[in-house]
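Let me begin by presenting the structure, written as structure tokens, before commenting on it.
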Amino acid sequence: MSLLDYFRTSKASSASLAKERLQILVAYERSSDKQPSYLPELQKELLAVIQKYVNVNKDAMTINLEQNDNRETLELNIVLPDAHPV
Amino acid sequence: MARIIVVTSGKGGVGKTTTSAAISMGLAKKGNKTVVIDFDVGLRNLDLIMGCERRVVYDIINVINGEATLNQALIKDKNCNLLSILPASQTRNKDALTLEGVEKILEELSKDFKYIVCDSPAGIETGAHLAMYFADDAFVVTNPEVSSVRDSDRMLGILSSKSRRAERGEEPIKEYLLLSRYSPERVKSGEMLSLEDVQDILSLHLLGVIPESKSVLTSSNAGMPVILDEKSDAGQAYDDIVARYLGENRPHRFIDDKSGFFRKLFGGK
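In the order they appear, the protein sequences are chains A and B.
Using this note's numbering, the letters of the first sequence map in sequence onto residues 1 to 86.
Using this note's numbering, the letters of the second sequence map in sequence onto residues 1001 to 1269.
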């Protein structure tokens, strides 16, 4: 790589960084738009129930609702700690 | 029946009012009876850009409240007699703008005009909602900059879910992209999002690219829509946009960097 190329690529990174950040953000915002408004509340309550029995971190849980043509899937993902009982 | 166009963006300062003034003038100059409405109640500025600020007597809120007739409030443009301006109120509360009031005004204007251009305020509050609610077409004005692209995407979501067409399950609003303040030079050097980058995210029908141009400021200084500055690049860009909207097939311009070494050396633009 020549010196000239080095300057070119370092300059090009600013716009491509912008694009990359935008693509991630826009994809996230579009998908969260489609989710029902009760989802955050549901997540909170589910977490409270689980925390009664297992010592899980609130970041250790993700909830996701996927809608296909004729099917809805509620996906719940919980990372359990090494030692289960509280 | 008139065609209702909303000029929208979500973000402020990207060129909505400049665009509303330019395209309404462009449509009227091509022989279409056109009215442009300022929906920015409390912060009206379209009158200033159109150069009719001293002729404002009544405004859209006066008409909604029955204090003036539509004909009393409409201002005939001094450059083109097919163009009228309906100013926003400067003093009233923005809540004075109601869905029923706006609907009635648009219905009445539809009998008389071919195109109704609605200049939306920034944001997603009442004024912006009412500006887009009855629209047939949306001109989404976007700058090649992260916050503007993001807000445009949010606006597209609102257009497709909160408009009358969406609520009635009718054919959706036709959405067009107007990419403004574009600088091919900065795109080439990698410091600005390119048209392609923006389209990868928004994927809209492109009506035109408006280059960053000194004439936008000088035109607003003088109260003349920039499209009347036929020699300027921005004026030509808007002329292309109006022609394309009306179905003419014009190749896109102002996308590639044409400023070669010698043109730069001699101060060419």
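Quick reminder that beta carbons are idealized off the backbone N, C-alpha and C, glycines included.
Note that the coordinates shown come from a computational prediction; the quantities given were computed from them, not determined experimentally.
Mind checking who residue 1134(B) pairs with in its DSSP beta bridge?
-> Along the second sequence, one-based indexing puts residue 1134(B) at 134. Partner(s): none; residue 1134(B) has no beta bridge.
Anticipated Cβ contact below 8 Å, residue 1009(B) with residue 1160(B), distance rounded | The residue you call residue 1009(B) lines up with position 9 of the second sequence. The residue you call residue 1160(B) lines up with position 160 of the second sequence. Their Cβ separation, rounded to whole angstroms, is 16 Å, which puts residue 1009(B) and residue 1160(B) out of contact at 8 Å.
What are the start and end residues of the beta strand (DSSP E) that includes residue 1249(B)?
-> Along the second sequence, read from residue 1 onward, the residue named residue 1249(B) stands at position 249. It is not in any beta strand (DSSP E) - residue 1249(B) carries neither H nor E in the DSSP assignment.
Three or more C-beta pairs closer than 8 Å, one from the stretch 60-75 of chain A and one from the stretch 1084-1101 of chain B: is that the case here?
-> no
Whole-Å CB distance - residue 1118(B) paired with residue 1004(B), under 8 Å assumed | Taking the second sequence and counting its residues from 1, one reaches residue 1118(B) at position 118. Taking the second sequence and counting its residues from 1, one reaches residue 1004(B) at position 4. The pair is a contact, with the Cβ atoms about 7 Å apart (cut-off 8 Å).
Three-state secondary structure (DSSP) at residue 61(A)?
-> Residue 61(A) sits at position 61 when you count from the first residue of the first sequence. Three-state result, residue 61(A): strand.
Whole alpha helix (DSSP H) elements within the stretch 1202-1241 of chain B, 4-residue minimum = 1214-1222
Would you check if the distance between the CB atom of residue 1097(B) and the CB atom of residue 1069(B) is smaller than 8 Å?
-> In the second sequence, residue 1097(B) corresponds to position 97, counting from 1. In the second sequence, residue 1069(B) corresponds to position 69, counting from 1. Contact flag unset, no.
Would you report the Cα separation of residue 79(A) and residue 28(A), rounded to the nearest angstrom?
-> Counting from 1 along the first sequence, the entry for residue 79(A) is found at position 79. Counting from 1 along the first sequence, the entry for residue 28(A) is found at position 28. Approximately 22 Å, taken between the alpha carbons.
Min CB distance residue 12(A) to chain B below 8 Å | As a working mapping, residue 12(A) is identified with position 12 in the first sequence. Interpretation of residue 12(A) is limited by its pLDDT of 49, a score under 50 that renders its predicted location unreliable; the figure taken from the coordinates is listed afterwards. True, the Cβ-Cβ gap to chain B drops below 8 Å.
Contacts of residue 1157(B) in chain A (Cβ-Cβ under 9 Å) = Taking the second sequence and counting its residues from 1, the one referred to as residue 1157(B) is at position 157. The answer, in chain order, is 29, 30, 33.
So, does the CB of residue 39(A) fall closer than 8 Å to a CB anywhere in chain B?
-> If you number the first sequence from 1, residue 39(A) lands on position 39. For residue 39(A), the answer is no, since every Cβ of chain B falls outside 8 Å of its Cβ.
Out of 1014(B), 1213(B), 1183(B), 1135(B), which has the shortest C-alpha to C-alpha gap to residue 1151(B)?
-> The sequence position of residue 1151(B) within the second sequence is 151, counting from 1. Looking at the Cα atoms, 1014(B) is the closest of the given residues.
Give the interface partners of residue 1201(B) over in chain A, defined as CB-CB distance under 8 Å, in chain order.
-> Taking the second sequence and counting its residues from 1, one reaches residue 1201(B) at position 201. Under the 8 Å cutoff, chain A gives 19, 22, 23, 26.
Rounded separation between residue 1219(B) and residue 1194(B) - CA only = Against the second sequence, residue 1219(B) aligns to sequence position 219. Against the second sequence, residue 1194(B) aligns to sequence position 194. Their backbone Cα atoms lie some 26 Å apart in a straight line.
Close-in-space but distant-in-sequence residues of the same chain around residue 50(A) (CB under 8 Å, 5 per side omitted) = Residue 50(A) sits at position 50 when you count from the first residue of the first sequence. The residues are 56, 61, 78.
Does the ligand FMN have even one heavy atom less than 7 Å from the beta-carbon of residue 1041(B)?
-> For the ligand FMN, the structure offers nothing, since it holds no ligand at all.
Select from 1143(B), 1029(B), 1114(B), 1157(B) the residue whose C-alpha is nearest the C-alpha of residue 1133(B).
-> For the purposes of this step, residue 1133(B) is identified with residue 133 of the second sequence, where counting begins at 1. Nearest C-alpha to residue 1133(B): 1157(B).
Thinking C-alpha only, which one of 1186(B), 1198(B), 1181(B), 1243(B) is nearest residue 1270(B)?
-> Absent from the structure is residue 1270(B), since the part of chain B shown begins at 1001 and ends at 1269.
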